[in-house]
Structure formats: structure tokens, C-alpha cells
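Residue numbers (the numbering used here), protein chains in the order written: chain E, 10 to 296; chain A, 26 to 330.
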């Protein structure tokens with residue numbers, strides 16, 4: 010997930026291919042065909058989701074059936090037809106907004122420390138990096154289970170607050186990794202120039218550093234928002250009576266999925282893809 | 026990094042600077058990392074310690090109240106009780122990881138070497154599943170693999186498959202779901218590793234009359250080993266603890282360890298048992314990360330994040 014951030018700025022074109030001179034048949038036909046097939050495989054379930062959000066329901070129950078019954082836009086008109094689902098969706102949005110704000114500030118500060126300072130001046134850097142990697146690599150169930158253990162021990166009621174605490178925790182690591190990757194090419198001499206011209210630390214930060222690292226911070230914030238709104242495993246452990254969007258859907262799998270779930274899924278997908286495309290386009294213009 | 030000389034030779038500091046400024050400079054990395062450090066300490070490291078302590082306590086299943094009894098036998102009991110589920114998790118996660126490594130290596134290779142100006146577009150396509158919620162993605166696979174769904178239903182109506190054929194509620198469906206959901210975690214580290222290969226090393230190989238096959242097996246493949254290992258860790262470890270794919274696609278059989286942990290915590294209120302099993306998962310992850318840093322260096326692993 011986080012790897013894109015590392016790779017995105019390194020998008021410069023090199024001389025193509027490992028081959029010495031002309032491309033082989035292998036590189037010209039087989040590999041591209043194969044790669045497009047893999048991409049089709051990755052996109053296929055999303056196409057199915059979008060298609061089924063337009064599927065008619067023939068039985069009395071408002072559930073998506075496995076078969077195709079014909080096209081309808083009924084579910085888009087009745088997108089808020091299931092109050093619990095709509096409430097779960099707005100809860101997820103609220104948690105995601107607050108979690109994004111908190112984790113972006115905290116994670117960006119950490120990324121600044123990690124990019125600029127090394128062990129002699131910054132003892133404990135390696136320890137923090139290892140903790141960050143652990144948060145990303147450990148099975149999420151361990152994260153959720155251990156936090157539930159803490160909340161139970163502290164007798165903290167599960168709800169909005171525990172969801173928020175949990176989401177900020179894993180988001181910090183992802184934000185820090187994303188922002189750090191974007192900061193890697195940061196030219197420190199620009200700050201020195203500002204200081205030489207008489208700017209104090211705060212002015213330097215506000216006028217030079219912040220504008221330069223802003224795209225990185227935005228990428229980190231988008232990442233945090235996406236992680237929070239999508240999170241199921243940890244949320245399932247710490248949500249208690251406050252049911253967020255993915256936890257509600259998981260509960261609904263046992264009784265049948267209402268078509269509105271796919272409507273929300275399609276809407277989130279569309280917004281996400283538009284944001285991603287916008288960032289790609291903006292990135293290209295700047296480059 | 027910036028002006029490290031100052032810290033060691035205070036005499037060279039400009040006369041106008043006050044000592045507080047230097048103190049502030051020395052403290053800067055700690056001040057910047059303090060909020061994150063505190064947060065992760067209280068809400069990540071402390072919970073892990075609480076989890077370890079819970080696994081040694083004895084809990085009342087009715088109320089969920091726990092008392093510390095240093096009950097080390099909990100680990101042995103849980104492991105022997107749920108040995109089958111642990112092995113199932115290892116098989117399923119292992120199979121899914123293997124499939125992902127094989128499926129994503131060629132596409133990562135193609136994007137890294139032939140992606141050209143469209144590299145970012147192809148990377149976005151690799152990430153496209155992440156734009157749909159994890160639970161929804163898995164539910165959609167339930168629709169795809171269902172007996173009368175888009176794929177099997179069509180094949181059955183064309184008499185290409187017998188009517189009794191089914192995938193859902195078998196191990197194959199779980200592995201398919203895991204493989205789909207974790208593919209980007211495999212493909213991206215592999216892409217980073219292949220992309221990073223210095224093309225001049227390849228040129229050197231060709232200059233020394235290496236064939237294409239030799240260049241691949243003697244240069245490209247060895248240079249991607251750290252990426253392969255990172256991809257393995259980032260796919261296998263999360264998949265090992267997954268329970269969404271199993272409960273949505275696997276039916277009631279083929280229970281994985283994640284389902285057991287979830288039930289211990291949320292259904293049976295057996296916090297001790299659930300904590301012991303989570304601690305085992307944590308130990309496996311730590312072992313994997315430790316092996317990586319031992320074999321390939323501690324710095325290498327964060328390059329794939």
C-alpha cells in the first residue's frame with residue numbers, strides 16, 4: 010500500500026528494457042498481454058461490484074442476488090434506504106476525518122525528524138523505524154486484539170473514541186512512511202538560502218519547507234483517510250456498539266447484502282479514483 | 026545532517042547565537058518525533074505488553090474479568106487445541122503468497138523495464154483494488170464464485186461444468202480471495218526491487234557475452250532477492266492472521282486462526298486464550314522481520330515500505 014509513495018517520485022524514464030538492442034518477441038507480445046490480463050483480473054471484481062449496484066431485486070427482500078435480474082437505478086435513488094447502513098457510513102466518515110487530521114500532523118512531524126536527522130544527533134531513530142515497520146507488517150488482528158486488551162483493562166467503553174485512537178495509531182506509521190518518501194528528494198540548501206537571507210526558523214518553515222512538502226503531506230492525508238474508512242479488522246475489535254461502515258457490511262454478509270452497500274462502494278471507488286487521477290495529473294504538470 | 030559541525034565545535038558558532046538556540050537545535054529531532062513516539066508507545070507498545078500479560082492471566086468467561094496467575098500453560102493448551110486451525114492458516118496463507126509471487130513477478134518486471142512513461146498509470150492499476158473496501162472486495166468474490174454467479178453460472182449453463190461443481194465454502198475459495206486481496210502487497214515490493222536494478226550492471230553482463238537467460242538468472246534474479254523476501258513478509262504475515270476471507274468465502278469449515286482469535290475476544294470473552302494466540306502470531310511476525318534484517322540488513326527492509 011505504502012510502496013506507491015516510495016516509487017512515485019522515481020518515475021523518470023530510463024532506457025527501456027534489459028535487452029541490449031531490439032526488443033524480443035517475449036517483451037513485445039507475451040509480457041504485455043500477460044500484464045494486461047493481470048490488470049483485468051484486478052479490475053474485474055470492481056466491475057462486478059459496479060454492475061451489481063444496478064441489479065434488480067426480484068424477491069421481496071432487499072438483497073443483492075447472485076444472479077443478474079436486469080438493470081435498475083432504483084438503489085441509487087434509495088441510497089439511504091437503510092438507516093443503519095447510512096449511519097454506519099457517516100460514522101466512518103467522521104472517524105476518518107478526525108483520524109486523518111491527527112495522524113497527518115503527528116506523522117508528518119515524525120517524517121521530518123526521520124528525513125533530516127541520523128543517529129548521532131537522533132538516537133532512537135532505528136527503534137522508531139522498526140516500530141513503524143512492525144505496525145505495517147504485523148497481522149492486523151494482533152493490532153486489534155492488543156488494543157481491545159488495553160481498552161478492556163482500562164475499562165474504557167468501546168465507541169467513537171476507541172475507534173479514533175486505533176485508527177490514528179496505524180495511520181501514523183503509514184503517513185510517516187508516505188511523507189518521508191516524498192521528502193527524500195528535498196533540497197536542504199533552499200532552507201539554508203532562506204536563513205542566509207535573514208528568515209528565522211518559523212518563517213523558513215512556513216514559506217519554504219511547508220509549500221515544498223505540501224504534496225507529500227496531502228498524499229499522506231489521503232492515505233490515512235483511505236485506511237481509516239476501509240479498516241475492518243481493528244475496527245471490528247474496538248468498535249463496540251458504534252458500528253462503522255465495513256463492520257456493518259461484514260455483519261450483513263450473514264443475512265444478505267442490501268444493494269445499497271454496492272452503491273456506497275461504487276461512490277467511494279469513484280471519489281477515490283478521481284482523487285488519484287487528479288494527483289497523477291497534477292504531479293505530471295509539475296514535473 | 027545540516028551543519029553537524031556546530032554541535033562538536035561550539036566555538037565556531039556565530040557570536041550572535043544564544044545557547045538556547047543550540048539547545049533547541051539539538052532537541053529538534055526529539056521534539057519532532059515526540060508526539061508520534063508517545064502515541065505509538067501508549068497505543069501500540071503498551072497494548073502489546075498488556076496482551077502478553079493477558080495471555081498469562083486466568084479469565085472468567087462469563088464476565089471477562091481476568092486475574093494474573095502466570096499461567097504459562099495457556100500457550101501450550103491453546104496451541105494444541107487449535108493446531109489444526111494454525112496449520113490451515115499456514116497452508117492457505119502460504120499458497121496465496123506463492124500464487125501472488127508467481128503472478129506478480131512478470132508484471133512487476135514488465136512495469137519496471139518496459140513501463141516507460143506510463144509507469145505511474147500501471148502502478149495505479151496495481152493499486153486499484155484498494156479503492157474498494159476490503160470487506161466489499163471479499164463479498165464481491167463471494168458473488169463471483171457463487172454456484173449460480175457470473176462465472177460458474179455461465180459455465181454451468183454452457184454445460185462446461187457439472188451442476189454439482191462448487192468453489193464457495195472450500196479452501197480454494199479462501200486461497201483465491203487471499204491471493205486477490207494481497208496481490209498488491211506482493212507486486213509493489215517486487216516492482217521497487219526490479220526498478221532499482223542498476224541498468225549498467227546489466228549492460229556489463231551483456232558486454233561480457235551473457236545470454237538473455239544468463240542475464241536474468243545471474244543478474245536480475247539475485248538482485249531481486251531482498252524484494253522477494255520483503256514481498257513474502259508483507260503478504261504472508263498479514264494473510265496468516267486474516268479471517269475475513271475465511272468467514273465470507275470459506276463457509277464454516279477450514280477455520281483459520283484469525284477466526285479463532287476473533288471468537289475468543291468477541292464471542293467467548295476468553296481474553297487469555299485470544300491473547301496467547303495473538304502473541305504467537307506476533308512472535309511469527311517478529312521472527313520473520315528478524316530473519317530479514319539478519320540476512321539482508323536492517324536498513325534494507327524499510328526501503329520496501
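Note that beta-carbon positions come from the ideal geometry of N, C-alpha and C, so glycine has one too.
query: Kindly indicate which residue of 226/A, 79/A, 178/A has the alpha-carbon position closest to the one of residue 159/E.; result: 79/A
query: Helix, strand or coil for residue 271/E per DSSP?; result: helix
query: Measure the alpha-carbon distance for residue 120/A versus residue 169/A and round it to whole angstroms.; result: 20 Å
query: Between which residues of its own chain and residue 207/A is the CB-CB distance below 7 Å, once the five residues before and five after are set aside?; result: 121, 125, 260, 263, 264
query: At a cut of 8 Å, does the stretch 154 to 164 of chain A reach the stretch 221 to 237 of chain A through at least three beta carbon pairs?; result: no
query: Using a C-beta cutoff of 7 Å, does residue 239/E count as contacting chain A?; result: yes
query: Could you compute how far the alpha carbon of residue 329/A sits from the alpha carbon of residue 82/E?; result: 43 Å
query: Taking only beta carbons into account, state which residues of the stretch 54 to 73 of chain E come closer than 7 Å to chain A, listed in chain order.; result: 54, 55, 57, 58, 61
query: Whose Cβ in chain E lies nearer than 9 Å to the Cβ of residue 155/A?; result: 10, 235, 239, 281
query: Give the C-beta separation of residue 237/E and residue 36/E to the nearest angstrom, bearing in mind that I take them to be a contact with Cβ-Cβ under 8 Å.; result: Contact doesn't hold; Cβ gap of about 41 Å is too wide.
query: With H, G and I counted as helix, E and B as strand and the rest as coil, what does DSSP make of residue 153/A?; result: helix
query: Quick test of your reading: residue 95/A and residue 81/A, contact by CB under 8 Å. State the CB separation rounded to the nearest angstrom.; result: 5 Å
query: Hey, which unbroken runs of the alpha helix (DSSP H) at 4 residues or more fall wholly within the stretch 98 to 141 of chain A?; result: 98 to 106, 108 to 139
query: State yes or no: is the C-beta of residue 78/E within less than 7 Å of the C-beta of residue 95/E?; result: no
query: Could you tell me which chain E residues have their CB closer than 9 Å to the CB of residue 110/A, listed as they occur along the chain?; result: Result: empty, since nearest Cβ-Cβ is about 13 Å, beyond 9 Å.
query: Just checking, does the stretch 92 to 110 of chain A make contact with the stretch 275 to 286 of chain A on the three C-beta pairs under 8 Å criterion?; result: yes
query: What's the C-alpha gap between residue 128/E and residue 135/E?; result: 8 Å
query: Considering residue 82/A, what are the terminal residues of the beta strand (DSSP E) in which it resides?; result: 82 to 84
query: Examine chain E for any beta-carbon lying closer than 7 Å to the beta-carbon of residue 187/A, and answer yes or no.; result: no
query: Could you tell me which residues DSSP pairs with residue 93/A in its beta bridges?; result: 82/A
query: From the DSSP output, read off the bridge partner residues of residue 80/E.; result: 64/E
query: What number of angstroms, rounded off, separates the C-alpha of residue 186/E from the C-alpha of residue 124/E?; result: 10 Å
query: Assign residue 39/E to one of three DSSP states: helix, strand, or coil.; result: helix
query: Roughly how many angstroms lie between the CA atoms of residue 275/E and residue 157/A, to the nearest whole one?; result: 8 Å
query: So for residue 101/E, helix, strand or coil by DSSP?; result: helix
query: Pairs of beta-carbons, one from the stretch 53 to 68 of chain A and one from the stretch 130 to 148 of chain E, closer than 8 Å: are there three or more?; result: yes
query: I need the straight-line Cα distance from residue 242/A to residue 230/A, nearest angstrom please.; result: 11 Å
query: Could one say the Cβ of residue 276/E lies closer than 7 Å to chain A's Cβ atoms, at least one of them?; result: no
query: What is the rounded straight-line gap between the Cα of residue 308/A and the Cα of residue 229/E?; result: 29 Å
query: Spatial neighbours of residue 154/E within its chain, please: C-beta separation below 8 Å, excluding the five flanking residues on both sides.; result: 246
query: Taking all protein chains shown into account, decide if residue 277/E is buried (16 or more other Cβ within 10 angstroms of its Cβ) or exposed.; result: buried
query: The alpha helix (DSSP H) spanning residue 167/A covers which residue range?; result: 159 to 170
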